[in-house]
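FYI, numbering that gives the first Met the number 0 numbers position 336 of the sequence shown as 335, with every residue one higher than the one before it. Where a beta carbon is used, it is the ideal one built from N, C-alpha and C, also for glycine. Okay, structure first, notes after.
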Amino acid sequence: MLKKIFYSVIIILSVLFSSCADGNMDKPVKNSDITIQVRQAKSTFIINRTYLGNERRYFYGNYAPSHLNIKWKHLLGTGKTWVGTIHKTWSGAGWTGQPLMIKYNDTLYIIQGAYDHNLKKIRVSDGKLMNEFEFDDVIKGTGSIWRNPNPTSPDDEFYIMQGSRRGAMYSSDSKVVQSYKCIAFRSFQKKWIYSSKKMRSYSRDVDGSALIVNDTAYLGLENGLFIVFDPNPNHAEMRDGVLQPFIYDVDTLFYASDANTHGGNLVTESSPSYLNGYVYITSGSGHLFGYNIKKKEIDWVFDTEADMDGSPIVTDDECLIITIEKEYIPGQGGAMKINPSLSPDECVVWYFPTETKTHAYWAGGIIGSASINDYYAADTMPKLSAFLAIDGNLYVVRHDKIAENKTTKGPMLKHTYPMPELAFKYHTGPSISTPIIVGNKIIAPTYEGIYLFEFDKDMNFKLLQHQDLGSFEATPFVWDGRIYVACRDGNLYCFGD
């Protein structure tokens, strides 16, 4: 109970003393949807509106439990999808698959995409399915929830934008594929679709979670394009015979030369982040791009030449933490801190390489995103970053502190970089998921089950519990002492004390 009161007070104080809402993004906004709705004392608000919570991708819930007892589980089901020329059967939900949460008329709901092809609305109190909408293929990635500031009806207030795989009924050359859809939260009816164009990339899926700034949405697609669009269905227009969102701008997240080294793997699976007038996004083509909102163009690019699927995480000292796979590079994969206010030649703050070990078809490095504790850390608490690697380890580093007399070669072995101070390392088994830090707890989903850790201000870490229920690829979310996360065994789990 004391923990619940403590974290509730933290959230309320961040609400009361925050000087910025969604319209002013140049300062850290800590869960701005909650801020707006608590001020207005309404019983309807969005809790986490996009992958990893907000525009900085560093809000993962309010407070976590100390145990992984199963409170309920919801069977998400099973679906089929084509992987190359093989028809695969997948169960549950996978990468990135984080539950979104919304409180509507005093009732909490989870929005969860699943491998049975359905986007689901699930009641949080008991895990009951309230509604679902069928997509054309398995749903990967995490959606985004947008609140229309000027609704014309109850069904016009909240919308979910969700991506999926391409769909078996479409070929890679089809004129229209329906791999990104807008669904009304209240009625759970489709409002528009976005048809991902055929490009040099081999994919037309959508895994990313849209970033919405001032009612403008930013999204990277697996076809290698970056789109800027209006999410409002009232402004949608007919294109290629289907109702699609109005597009403000389109840019490309690869260069022609990238096809020489990456072939058709010019895929963007990450979700964009916002910092100081820029939208930053990593790409499978080997680049971290900075899109200048004012100029409406990409004018900052940092090259790693590696495949990067994890999303950029924005720290309170206005840097980015990105993750790097082993594929396409002679060096080791790992995590890197970037200061984008500097030129690309000088922007690397540190690099932390992971061990080069393979799992399945991954060559090593980090597939998922890093997480940080900046949202939760008091001034006396070290600033931490956690990430899970293909080598089977959970790593926790001090992202604000350089290790003494430790340097390492970068991904291409061309440059030598400082290393951050390692705070904790634990063998969890390989993972492509993203661990989350909530308060003084770390939740780490892996192919060998899910782990719950606790730490103190002196950086003493301990394992609280491990549940070996199956393979976890999805990212968890935490609310009111409960952990919500999907598993490849077919279920969405609710864990708690």
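Taking the C-alpha atoms as reference points, what is the distance between residue i and residue j?
i    : j    : result
D172 : E420 : 48 Å
G489 : I45  : 26 Å
Y327 : H261 : 7 Å
P381 : P352 : 21 Å
K405 : C181 : 48 Å
M24  : G276 : Summary for M24: the model assigns pLDDT 44, below 50, so the residue's position carries little reliability, and this model does not support an answer.
R238 : F184 : 24 Å
R164 : G283 : 17 Å
D154 : S186 : 6 Å
T80  : E472 : 17 Å
G309 : A334 : 10 Å
N213 : K356 : 43 Å
E345 : R56  : 24 Å
V484 : N147 : 28 Å
H86  : T95  : 21 Å
Assuming residue i and residue j are in contact, meaning their beta carbons sit under 8 Å apart, how far apart are those beta carbons, in whole angstroms?
i    : j    : result
I389 : P444 : Not confirmed; about 14 Å, so no contact.
A376 : R397 : With a Cβ gap of about 11 Å, A376 and R397 do not count as contacting.
L274 : E317 : 6 Å
I280 : L252 : 7 Å
I323 : F301 : Between F301 and I323 the Cβ distance is about 11 Å, and since that is not below 8 Å, they are no contact.
F350 : G285 : One detail in the question is off: residue 350 reads as Tyr in this sequence, not Phe. Not really, about 15 Å apart at Cβ, beyond 8 Å.
L513 : L75  : Since the first and last residues shown for the chain are 0 and 496, residue 513 lies out of range.
A369 : S384 : 5 Å
Nearest CA to the CA of residue i: which residue from the options?
i    : options                : result
V477 : H465, F460, D496, K295 : D496
K196 : E221, C181, F187       : E221
S256 : L387, S200, I246       : S200
I192 : D479, S170, P232       : P232
I366 : W349, Y394, M307       : M307
E296 : V227, Y483, K336, V82  : V227
S202 : G480, V278, P230, G162 : G162
L387 : A235, G332, N459, A209 : G332
E54  : P475, L218, W94, K424  : L218
L319 : K293, K294, V348       : V348
Y360 : K325, D378, Y394, P329 : K325
P475 : S42, Y62, T43          : Y62
A216 : N259, N264, E236, I144 : I144
P271 : V249, A209, A258, G223 : A209
Indicate the three-state DSSP secondary structure (helix, strand or coil) for residue i in the structure shown.
i    : result
T260 : helix
I482 : strand
H398 : strand
H234 : helix
P153 : helix
T415 : strand
M129 : strand
T215 : strand
C318 : coil
V176 : coil
L12  : Confidence at L12 is low in this model, with a pLDDT of 43, below 50, so the placement of that residue is unreliable and no value is reported for it.
K26  : For K26, the predicted structure reports a pLDDT of 42, less than 50, and the residue's modelled location is therefore unreliable. A value from the coordinates is still provided. Coil, per DSSP.
R146 : strand
P444 : strand
V347 : strand
Y374 : coil
Is any heavy atom in the ligand PLP found nearer than 8 Å to the beta carbon of residue i?
i    : result
G309 : For the structure depicted, the ligand PLP is absent and the ligand set is empty, with no information on it obtainable.
task = Flag this pair as touching only if the segment 120-138 and the segment 71-85 have three or more C-beta atom pairs under 8 Å; answer yes or no.
result = yes
inquiry  = Across the segment 107-114 and the segment 137-147, are there enough close Cβ pairs to call them in contact, namely three or more that are closer than 8 Å?
reply    = yes
inquiry  = Three or more C-beta pairs under 8 Å: does that hold for the segment 337-354 against the segment 436-450?
reply    = no
query = Taking one C-beta from the segment 233-247 and one from the segment 278-289 each time, how about it: are there three or more such pairs within less than 8 Å?
reply = no
key: Touch test, the segment 46-54 against the segment 92-111, Cβ-Cβ under 8 Å, three pairs minimum   = yes
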